[in-house]
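Accompanying notes for the structure given below.
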Amino acid sequence: MILNLNCALRFAVLFAVHTAFGTAFLRASEADNAERLRFFESRIRPVLVERCEGCHSADAQQKGKLKAGFFADSRKGLLEGGDSGPAVVAGKPAESLLLRAMQHESKDIAMPPKEEKLPKSVLDDFARWIADGAVDPREAVAGIAAKKRGLSLEQGRAFWSMRPPLRPAVPAVGDAGWALSAVDRFLLAAMEREGLKPAGEAPAEAVLRRVYLDVTGLAPAAEAVASFRMEDLEAEVDRLLKSDAFGERWGRHWLDVARYAESNGKDRNVIFHHAWRYRDYVFDAFASDMPFDVFLREQVAGDLLASAQPERRDALRVATGFLALGSKAYEETKPEVFRMDVIDEQIEVLGRGVLGLSVACARCHDHKFEAIPTADYYALAGVLRSTALLYGYGPRGIKATAFHHTELHAVGAEADGREAQGLAYLRRLDEEMLAMHTSRSDRYRVQRRVPDAKRKLETAAGDEKTQAECELEALNREIDEWHAKVGALEKSVTQLQDSAPPMPGWAMGAREREQPEDCRIHIRGETALLGDKVPRGFLRVLDAPRVSAPGPGRSGRLELAEWLTHRDNPLTARVYVNRVWSHLFGRGLVTTPDDFGVTGAAPSHPELLDHLAVEFMDHGWSTKWLVRSLVLSRAYRMDSVGTAGSRERDPDNRWVARMRPRAADAEVIHDSMLAAAGLLDRSRPKEPFFAAFHAYRDEELFSFKPFVTKAKLLSNHRAVYLPVIRGVLPEVLELFEFASPDRPVAERNSSILPTQALYLMNNPRVTELAVATARRSAGAGDRSGGSAGRVTWLFRTVLGRTPRAHEVERVLGFVDAQTGGSGQGGGSDATVGQGVEERWADFCQMLFASVEHRLIR
Amino acid sequence: MDTSQPLNFSRRQWLRTAPAGFGYLAWAGLASREGALAATVPVPQPLPHFAPRAKRVIFLCMRGGPSQMETFDPKPELIKRQGQTGKRGHLKLFGSRWGFRKCGNSGLDVVELLPEIGKQADKLCVLRGMHTDNENHAQALEQMHTGSFQFVRPSFGAWTVYGLGTENGNLPGFISINPLTALGGSRYYSSAFLPASCSAVTLGNANQPGAPLVVGDLSNANRSRAAQRARIDLMQELNRGAADSLEDARVDGLIESYELAFRMQDQVPEVMDLTRESKATLALYGADRSPTESFGKQCLMARRFAEAGVRFIEITHVEWDLHGGLAGGMARNCAQIDRPVAGLLQDLEQRGMLEETLVVWGGEFGRTPDDPTTDGRGHNNLGYSMWLAGGGVRGGFVHGATDNLGYEAVEGKVHIHDLHATLLHLLGLDHERLTYRYGGRDYRLTDVKGNVVREVLA
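In order, the protein sequences belong to chains L and E.
The opening residue of the first sequence carries number 22 in this note's numbering; numbering runs sequentially from there.
The opening residue of the second sequence carries number -5 in this note's numbering; numbering runs sequentially from there.
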C-alpha cells in the first residue's frame, strides 16, 4: 500500500499543475499545492480507500453495496455528497459532514459504522485537509450513474399532478342518450374507446340504499324502500343532503384524514378532553356545506382569521385543533427531538392529507422520488416551528418531560373573562402535582434502602450492629418526614382541585409563537446535526400559487393556508375531488388517494379528474354540489353486475363500466343494527364521553383504564360519536377496520376476518339488538301480510330490499318450525326447544351478519 | 376460461383450486383490499426468499427488562468491585447475589435461579451484546416489537404472517397470549398498515391479572352448536342468492369467513384445551402446580398453537422491572418461568418440532450494574442479554459481550434491528426485501437498518 502510494503521489504531482482542483487550490502557490497534494495522498487517500470505499465507491455500486448514495472515491463525490447532502465543504471542517460523521457526532451517522472512532491523528488530518481547501485530484469514474435522486424542480413541475388543472372539453360520445351529465360523458367516452358497454341500471331499491348510505351513512327505512321510484331520486338526494346526518357522514370521512382522536395513544395515553369540539366543528362544517377551501384555511390558520362575532371566533380557534391532534411521544426527554417529531407529524398530515404528497420523506434526505429537497421540508417546518401548538397537559408529575405541557384556547361565552385565571389555575395545579409526584419518588428512593439496612442489621454484630441500628432508625425517621411532606402536598393538590375557579371552555389548537424563526436543516433528521437555515416557505415544486413568503414577525401559517387553497395550487382540489369520488365509486380515479406524486398511480381518467377539480372550484368548493352531481349521474346508478364484455376485458373495473360493490364500514354496520332495533339516537351526545372523567384530574387513560370497559364503550348514538381512544377503540370499530387514528388514512382497509363473523354471530350486544329488532318487527309493517309481511319488513329494514317469494318461504320455514315450513331448515332438531320469537331473533341476527348487509352493492 | 393459465384465473376460480384454499386466504391477509382482489392473485412476493430454517416463532416476552447480570451474563468483576463507585459517579456497584453454573456440554453460564433452563443450555444461543435505542419501557417495548418507537409500525409477528401466511386455515396466523394492553400495548401486536388479518388474535390481558385466556365472542351461550349451524345454514342460503346476483369476490370471502368462524368455534377451544394433555406433560411444564402454573399453561398453549400451525405465538411475563425488591423479585420470577420454559424446549425437542420452531426469550432492555441500593437496578438499553433456541440457531453458544461491569455491549453488538433481520433470515425472509408499500413508500421491519448476525446461524 505504502509503496503504491509513492507512485500515485508522483503521478498526481505531475498532473497537479494541469488540473483545476477548486478555487482554494488555484489561489495557492504551486509549492503549497504540491504540499497539499502530498498531504492528501499520504494521509487522506489511504484512509478513504481502506475505510470508506468499501461502501462508498463506484466499485461498491457495481457490487450493489453502495450505501447512502455517497461516493468517497472522487472529488465530485465528496463535494456533492450522498443522501444526506454534501460531505465536504472545502475550507470548512465544521460544516463538513464527512468529518462530523468520522467524529461520531451522532450515533446515526457515525462512520465507519459499528466501530470505534478512527484515531484522533486521522481526524486531525482530515480537519486540516478540509481547512486547507480539501485538495483532491481524483476524478469520478466515467460512466457510473449518478446517485439516486428525486426529480429536479423543473422535472417535478412538469409532472402531471403539479400542473394546474385546466378545464378539458367534454367529449362527444356515441350513445348520447345514456349520459345524464358531463361526468357520464367522460366515463362513456373512455368506455367506448376501450370497447366496453356500461352496465344496466341497478334495481331502484339498490340505488336507494346506495344513496342513503353514501350521503348520510344511514339505511333507508322499510317504508322508504317500499315507496321509492327512480324518478324520485333527485328529490330524495336533495332531502338527504339537507340532513345533519350528511355532516356526520362526510365529516367523518375528513376525520379519517385528520387522524382525529380523543387520546394521545403511544407511550402515554393522555386524554384529549377537548378534542370533541373539533369533531363537532367538522360535522357542522360539512352539514352547512362550508366551502372546502375555507374549511382548510380555518383548520390551518383559523386563529389568524379575524371575526368580531364571538361564536365564529370560537369556531375558528377550534378549527386549528386539526394541527394539534397528533399522537405525541410524551416520554421523550429531549425537547428538540419532541418538537421536531411533532412538526413532522403535522407535515405528514398536511402533505398526505391535503396535497397527496409524502413530504415527510424529505425530513432526513432529499426526497428519493419527488422534487422535494430537504430544504423545502425545513421551510415548512419553520412555519410550524413558529407556531405554538395548544394541546394542554401531558402526563403530570414528570420533571424531565414537563416541557411539553401547553396552554389551550379558551372558548365559550366566558372565554375572555375566565381565560387568565383558568390558565393560571392549570399552571398552579401542574406545579403542585409535580411537587407531589417528585416527593413521592424521593420518598420511594429512601424506602428502597430499607431492605439493605435490615439485612445489614441481621448480619452485623457488636459495634457494627449498633451502627446498623442507628442507620435503620435514621432511615425510618427520614421516611416519616417524607410521609408528612407527601401527605401535605397531596392535601394541597386535593384542596386546589376542590377550589378550581370557574373555567372557560377549552379547545385544542394553534397560535403564533412570539418569536417566529426559520428552521435549520437537520442533517439526516438529527436534532444534533444542524445545517443551513432555510427561510420559511412552501414546496418550491408547487410554485404556481403566487403567495408571498412569510414576512418577519409572523409564522407564515396564514400564507401556508393561502398557498394550500390557492386556485393555482394544482393538488388540493384534485386530491379532494378524488377522495369524494372514491367514497362514492369505491376507488379513486387516482387509486392512491394520498399519493399524487411520481410513486403514486396515474389517473385512469385524467380529463374527468381535472373537469371535477375545476368545476368544484367554480362551484365554490362545495362538497354538497360535488356529491350531488356525482350521485345523480347515470354512472352512479349502474348495476354492480356488468356486461359480460366489461367483466372479461376489464376485470379490475378500471373503466367504471359497472358499479363497484363496497364493504359497509364499521359505522354503517353499527348504526344500521341500532336503527333496525329502533334504538338509534340521532342526536349529538350532550356531553363528551370523557366528561365522566374529571378534566383536571384524570389526564391519563393509564390510571383508569379498567373503567374503559366494553360496556362503557357502548352507546345508542351514531358510531361517529363513539370515543376514539387511540389503542383502545370500541370493539365494533376495531373489528370492522375503522380508520386508525394514528395517521392520516386515505382508504380504510376492508379485510374479511373470521373475528368479524364471530362478533356478528355471538356478541351479546349484537344478539340484544337482534332481539330488539325482532320484537319491533312483530308490530311493524303491513299487518295484513302476517308473518310474510314481517319477513318483508325485516328485509327492507336491514337489507334495503324486498325479499323474493322463495326467500320468504325459507325464512318462514325457519322461524315457524312447528308448522313445518317447506324450507329444509324447518322443524329440524336444531331448533326444537327454541321459542318462535327466539327464532325470529336468530333470523334478524343472521340478516345483520349476511353478506348483503355487509356490502353496499 | 382456460384454467391452465394461472394468470388469467378469476379470483373465484383460484379460490376454488388453490391448494391452500379459502382458509389460507382469509387469514393470510390476502382478502383485504378489493383493488388487489379483483384481477390478480395478490400473493405479496415469491416468499419465502430462500430456504427457511424455522417455520414459526414462539416469543417469550419478559416485560420490564430482566437483569442480564443475574441471568445469562455473569460479571465476576462486578462482584469484586462490590460497593465501589461505578461509572455514573454517585451510584454503587453491586454484583449478583446468585452464583452461575457452567451448564450442558457447552458449559454455558446460567444463573443458579434457573436450574431447569440450565439443563437445556446446549439448546440456547445467548446474545450478550444486545442494545436498543430507548430506555423507557413503552418505547423500548414498541421498538422490540415493531422496530420503531416513534411511529406506529407493524409488529414483528404481523410481518411474519404477512411474509409467510399461516399453516392452518382454521386458526389465526399470529396469537398473543396474555398480551400487554396498557401504555400502547396494542401496538405490540397490531398490523398497523399491513392487512388486519396479519394482526394478532389475543387471549387474556397481562394488565388485568386473572382475565380469562379466551378469544372474544368465540362461543354463544344461548345457542347450541346445532342451533348455531341451523341459523348459519339459513344465512348462507340467502348469501348464495346474493352471490349469484352480485358478482364480487368479496361475497365468496364473506361466505367462507362464516364457515371458518364456525370451525374456529370448535377448533380453537380444542387447541386451547389443556386437559387433553397427559399428566406427565402438564408436569413437564409445571402447569399442574404453583408457582409455575400460570406461565406453564401459557407455554403449553404456545406449543399447542405451534403444533396446530400458528405462525407466530407470543406469551408475556410481566414482572421484571425490579427497581426495588430485586432479591425477592428475581427469585420469584425465575421460579415462575424456569420449569415452563425448560419444559417447552424439551417438549418441542421430543416432538421433533424444535428444529423448525424458533424460540426467543428476552425483555425490552436489561439492567444497570449500579444503583443507590443493592436491591434494585435501573434500566439499561446499552447492553443486555436475550437468547434464541431451535430453528436454525447455534445451540450452547454465546455471542457478544458487555464490558466487564455490564454497562454496555462492547463485542458482538446486536441492535434490535439486527435481531429482527436475523429472525426474519431464519424464517427464510430477506429483511431488505420483505417490504410493504404504504403511502408512497416501501416499509420494512428494519427500516433502513439491520444486519443478519451470521455468527448465530447453525
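Virtual Cβ for every residue (Gly too), placed ideally from N, Cα, C.
Between the segment 361 to 370 of chain E and the segment 392 to 403 of chain E, are three or more C-beta pairs nearer than 8 Å?
Contact between the segment 361 to 370 of chain E and the segment 392 to 403 of chain E is present, because at least three Cβ pairs lie under 8 Å.
If we define contact as Cβ-Cβ less than 8 Å, is L/Val872 a contact residue for chain E?
Yes, contact with chain E.
Suppose the cutoff is 7 Å on Cβ atoms and the five residues either side in sequence are ignored; what does the same chain contact list for E/Val446 look like?
These residues qualify, in order along the chain: Ala415, Thr416 and His419.
Among L/Ala220, L/Pro785, L/Thr459 and L/Val375, which residue has its Cα nearest to the Cα of L/Ala665?
When L/Ala220, L/Pro785, L/Thr459 and L/Val375 are compared, the shortest CA-CA separation from L/Ala665 is found for L/Ala220.
Touch test, the segment 295 to 309 of chain L against the segment 586 to 596 of chain L, Cβ-Cβ under 8 Å, three pairs minimum
The segment 295 to 309 of chain L vs the segment 586 to 596 of chain L: no contact.
The beta strand (DSSP E) spanning E/Ile52 covers which residue range?
It spans Arg50 to Met56 - the beta strand (DSSP E) in which E/Ile52 sits, taken as one unbroken run.
Minimum C-alpha distance to L/Ala89 - residue among L/Val109, L/Ile151, L/Tyr233 and L/His386
In terms of Cα proximity to L/Ala89, the closest of L/Val109, L/Ile151, L/Tyr233 and L/His386 is L/His386.
Can you find a CB in chain E that lies within less than 8 Å of the CB of L/Asn783?
Output row for L/Asn783: interface = yes.
Within the segment 266 to 323 of chain E, note down every full beta strand (DSSP E) run reaching 3 residues or more, in order along the chain.
Runs found: 306 to 311.
Backbone CA spacing between L/Pro571 and E/Ile410 [nearest angstrom]
Put simply, the backbone Cα of L/Pro571 is about 43 Å away from that of E/Ile410.
Touch test, the segment 64 to 79 of chain E against the segment 332 to 351 of chain E, Cβ-Cβ under 8 Å, three pairs minimum:
With a cut-off of 8 Å on Cβ pairs, the segment 64 to 79 of chain E is not in contact with the segment 332 to 351 of chain E, counting fewer than three such pairs.
Local conformation of E/Arg435 per DSSP, three classes
Reduced to three states, the DSSP call for E/Arg435 is strand.
With a cut-off of 8 Å on the beta carbons, I'd call L/Ala474 and L/Glu492 a contact; round off their distance for me.
With a contact defined as Cβ atoms closer than 8 Å, L/Ala474 and L/Glu492 qualify at about 6 Å.
Assign L/Thr730 to one of two classes, buried (16 or more other C-beta atoms within 10 Å of its C-beta) or exposed (fewer than that).
Its Cβ having fewer than 16 others within 10 Å, L/Thr730 is exposed.
Confirm, please, whether the CB-CB distance from L/Val204 to L/Ser629 is below 8 Å.
Checking the sequence, you will find Leu at residue 629 of chain L rather than Ser. Closer than 8 Å, so yes.
Bridge-paired residues (DSSP) for L/Arg541:
Per the DSSP secondary-structure output, L/Arg541 pairs in a beta bridge with L/Lys554.
Give the C-beta separation of L/Asp94 and L/Glu74 to the nearest angstrom, bearing in mind that I take them to be a contact with Cβ-Cβ under 8 Å.
Right, the Cβ-Cβ distance comes to about 5 Å (below 8 Å), so this counts as a contact.
Would you report the Cα separation of E/Leu342 and E/Leu348, rounded to the nearest angstrom?
Approximately 5 Å between the Cα atoms of the pair.
Short CB-CB distance (under 8 Å) between L/Lys84 and chain E
Chain E, which has no Cβ nearer than 8 Å to the Cβ of L/Lys84, makes this no.
Name the DSSP bridge partner or partners of L/Phe759?
DSSP output for L/Phe759 lists no bridge partner at all.
Distance cutoff 8 Å, beta carbons only. Does E/Asp332 sit that close to anything in chain L?
Not flagged as an interface residue toward chain L: E/Asp332, since no C-beta distance is shorter than 8 Å.
Buried or exposed for L/Asn879, going by 16 or more other Cβ atoms inside 10 Å?
Because residue 879 of chain L is not part of the residues shown, which for chain L are 22 to 878, the question remains open.
Segment limits, alpha helix (DSSP H) that includes L/Glu226:
L/Glu226 -> alpha helix (DSSP H) spans Ala225 to Thr237.
To which residues of the same chain is L/Leu229 closer than 6 Å at the C-beta, ignoring the five residues directly before and after it?
Once the five neighbours on either side are set aside, the close Cβ partners of L/Leu229 are Pro241 and Phe249.
Residues near E/Arg453 by beta carbon distance below 7 Å, same chain, minus five either side
Since the displayed chain E opens at -5 and closes at 452, residue 453 of chain E lies outside it and no answer follows.
Which chain L residues are close to E/Arg448, counting only those with a beta carbon under 9 Å from its beta carbon?
Correct list: empty, because the minimum Cβ distance to chain L is about 14 Å.
Other residues of its chain near L/Asp763: CB distance less than 7 Å, five sequence neighbours each side excluded
Scanning its chain for C-beta atoms nearer than 7 Å, with the 5 sequence neighbours on each side dropped, one finds around L/Asp763 the residues Arg280, Gly286, Ser348 and Arg747, in chain order.
Around the Cβ of L/Ser569, are there at least 16 other Cβ atoms within 10 angstroms (buried) or fewer (exposed)?
Exposed, since its Cβ has fewer than 16 Cβ neighbours within 10 Å.
Secondary structure at L/Thr8, three-state DSSP: helix, strand or coil?
Chain L is shown only over 22 to 878; residue 8 of chain L falls outside these bounds and no answer can be derived.
Roughly how many angstroms lie between the CA atoms of L/Arg769 and L/Ala760, to the nearest whole one?
Approximately 6 Å, taken between the alpha carbons.
CB of L/Leu651 within 8 Å of CB of L/Leu605, strictly
Yes. Within cutoff.
CB contact below 8 Å: E/Val146 versus chain L:
Interface residue, yes.
In chain L, which residues lie less than 7 Å from E/Val245 when you measure between Cβ atoms?
At a beta-carbon threshold of 7 Å, the residues of chain L lying near E/Val245 are Val872, ordered along the chain.
In the DSSP assignment, find the unbroken beta strand (DSSP E) run with E/His393 in it and report its ends.
Here the beta strand (DSSP E) through E/His393 covers Phe391 to His393.
Chain E contact for L/Tyr780 (CB, 8 Å cutoff)
Yes, L/Tyr780 lies at the interface with chain E (some Cβ there is under 8 Å from its Cβ).
Which value, in whole angstroms, describes the spacing of the CA atoms of L/Leu325 and L/Arg334?
Each residue's Cα considered, the two are about 10 Å apart.
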